[in-house]
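These notes are about the structure you will find just below.
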DNA sequence: ACAAGATATATCGACTCCGAGGTAGAAGAC
DNA sequence: GTCTTCTACCTCGGAGTCGATATATCTTGT
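Have a look at this one:
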């Protein structure tokens with residue numbers, strides 16, 4: 001998804017893609033060659049991108065990659081209806097967020113944000129005692145577990161706050177465009 | 001690591017472990033059976049844990065798992081000198097944090113927190129233009145990317161704040177115990 | 001002229017993990 | 001009685017990823 005998302009911005013070659021993806025995922029951890037190039041080939045076979053050999057500006061010849069209409073459609077499908085992991089896994093969610101603007105329709109964007117919002121609303125219960133009963137943060141003996149829950153709560157609130165403001169904003173914009181479209 | 005960490009608290013059987021690990025990793029996403037049971041067997045072969053068959057309280061017989069001295073040592077080694085991924089990947093870091101109290105020595109605990117602190121200090125540059133120059137958050141056109149960087153910065157500050165307080169606290173405690181030990 | 005090093009693409013084997021499926025025992029439904 | 005459901009454990013195949021390795025090209029230093 002990140003590959004198509006970056007290509008949607010402008011054409012790139014594999015080596016450049018590698019660095020851009022690396023700075024996004026996790027943080028800074030580079031994507032291995034053995035992952036990138038087979039994936040590019042797979043996307044090419046699926047006609048999601050085209051390849052044009054260009055002389056390397058600095059060194060060996062590059063394969064400039066360009067996204068196709070099929071690729072754009074595929075990207076939008078992934079964004080519009082993300083797999084559960086993309087909502088519940090922080091790293092994946094951030095990747096999705098980085099490309100959500102390619103899903104042009106503000107109402108659809110708001111729906112995706114709402115799914116994340118819903119997920120964050122679930123109360124986090126991380127630790128349980130021998131009987132399986134949840135242990136509240138104040139009862140935890142380990143200061144690290146206490147901090148873990150504190151940080152978790154605090155960062156969740158930050159994100160929820162941002163999500164709510166975005167969702168309102170997007171729906172307002174969607175409302176305007178509907179009214180314009182209806183001629184009201 | 002999570003398996004040994006939980007067992008260090010008290011003996012558990014596989015099914016129970018599964019649920020406890022699930023509520024920690026990512027969030028709530030259950031660990032697959034196909035991952036858990038082979039891993040338990042691997043740890044047993046490495047003599048990190050022992051297995052005792054007990055009648056199931058509700059259904060089929062359980063295998064109660066108990067951590068051994070070898071397992072405890074292994075756990076402490078992992079905690080003391082974590083692989084890079086455990087410092088740079090949020091999910092893995094949280095798992096590590098959940099069991100860091102098993103690394104009893106406050107000075108060693110502080111060192112691990114310091115590694116995370118150092119990682120968080122690196123300025124995050126997530127997006128680049130066609131020429132490869134970094135784009136500051138204010139210049140980003142996508143509100144999602146802007147929010148992404150805002151949230152990233154805000155949550156980092158929260159965690160850094162907590163880390164600093166913990167590190168000071170742990171070093172203070174380490175200092176006391178050294179002085180006590182020296183008879184000062 | 002030639003070696004060294006950065007750029008750039010590609011492949012292979014090993015490893016991890018998951019999901020689907022299977023076994024089996026006990027409790028509760030009808 | 002037997003059927004379903006929940007608990008509990010286990011295995012296999014496939015998908016995905018990584019690290020090592022190989023290759024080609026261009027620049028720079030000597």
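Residue numbers (full-length UniProt numbering), protein chains in the order written: chain S, 1 to 184; chain P, 1 to 184. Just so you know, even glycine gets a beta-carbon here, dropped at the ideal spot from N, CA and C.
Could you check where the alpha helix (DSSP H) with residue 88(S) kicks off and where it finishes? In the first chain, residue 88(S) corresponds to position 88, counting from 1. Element bounds for residue 88(S): 84-88.
Does DSSP put residue 128(S) in a helix, a strand or coil? By one-based count along the first chain, residue 128(S) stands at place 128. Note: residue 128(S) maps to strand in three-state DSSP.
Looking at the secondary structure, which residues open and close the beta strand (DSSP E) in which residue 67(S) lies? Here residue 67(S) corresponds to residue number 67 of the first chain, with the count starting at 1. Run containing residue 67(S): 62-67, per the beta strand (DSSP E) assignment.
Between the CA atoms of residue 119(P) and residue 146(P) - distance to the nearest angstrom: Working through the second chain from its first residue, we reach residue 146(P) at position 146. Working through the second chain from its first residue, we reach residue 119(P) at position 119. Using only the alpha carbons, I get a separation of about 22 Å.
I need the straight-line Cα distance from residue 19(P) to residue 13(P), nearest angstrom please. What you label residue 19(P) is simply residue 19 of the second chain in a count that begins at 1. What you label residue 13(P) is simply residue 13 of the second chain in a count that begins at 1. Distance between the alpha carbons of residue 19(P) and residue 13(P): 10 Å.
Buried versus exposed, by CB contacts within 10 Å (16 or more), residue 55(S): For the purposes of this step, residue 55(S) is identified with residue 55 of the first chain, where counting begins at 1. Around the beta carbon of residue 55(S), fewer than 16 other beta carbons sit within 10 angstroms, so the residue counts as exposed.
DSSP-derived helix/strand/coil call for residue 52(P): Sequence index remark: in the second chain, residue 52(P) carries index 52 (1-based). Looking at residue 52(P) - three-state DSSP - the assignment turns out to be strand.
Quick check: the region 139-156 of chain S against the region 128-136 of chain P, are at least 3 beta-carbon pairs closer than 8 Å? Fewer than three pairs of CB atoms, one per stretch, sit closer than 8 Å, so the region 128-136 of chain P makes no contact with the region 139-156 of chain S.
Find the nearest neighbour of residue 22(S) within the set 126(S), 92(S), 45(S) and 101(S), judged by alpha-carbon distance. Your numbering for residue 22(S) matches position 22 in the first chain. From the listed residues 126(S), 92(S), 45(S) and 101(S), the smallest Cα separation to residue 22(S) is found for 92(S).
Between residue 176(S) and chain P, is the shortest Cβ-Cβ distance under 8 Å, so that the two count as touching? Your numbering for residue 176(S) matches position 176 in the first chain. By this cut-off, residue 176(S) is not an interface position.
Contact defined as beta carbons within less than 8 Å: I believe residue 151(S) pairs with residue 117(S). What is the distance between those atoms, to the nearest angstrom? Taking the first residue of the first chain as position 1, residue 151(S) is located at position 151. Taking the first residue of the first chain as position 1, residue 117(S) is located at position 117. Contact doesn't hold; Cβ gap of about 19 Å is too wide.
Does the distance from the CB of residue 126(P) to the CB of residue 149(P) come in under 8 Å? Here residue 126(P) corresponds to residue number 126 of the second chain, with the count starting at 1. Here residue 149(P) corresponds to residue number 149 of the second chain, with the count starting at 1. Taking 8 Å as the Cβ cut-off, residue 126(P) and residue 149(P) qualify as a contacting pair.
Straight-line Cα distance separating residue 17(P) from residue 52(P): Here the question's residue 52(P) lines up with position 52 in the second chain. Here the question's residue 17(P) lines up with position 17 in the second chain. Cα to Cα, residue 52(P) sits roughly 15 Å from residue 17(P).
So residue 67(P) packs on residue 7(P), CB below 8 Å; how close in whole Å? Start at 1 with the first residue of the second chain, and residue 67(P) comes out as number 67. Start at 1 with the first residue of the second chain, and residue 7(P) comes out as number 7. With a Cβ gap of about 4 Å, residue 67(P) and residue 7(P) count as contacting.
Between the CA atoms of residue 107(P) and residue 190(P) - distance to the nearest angstrom: Here chain P covers residues 1 to 184 and nothing more, so residue 190(P) does not appear.
CB contact check: residue 145(S) to chain P, cutoff 8 Å: Your numbering for residue 145(S) matches position 145 in the first chain. By this cut-off, residue 145(S) is an interface position.
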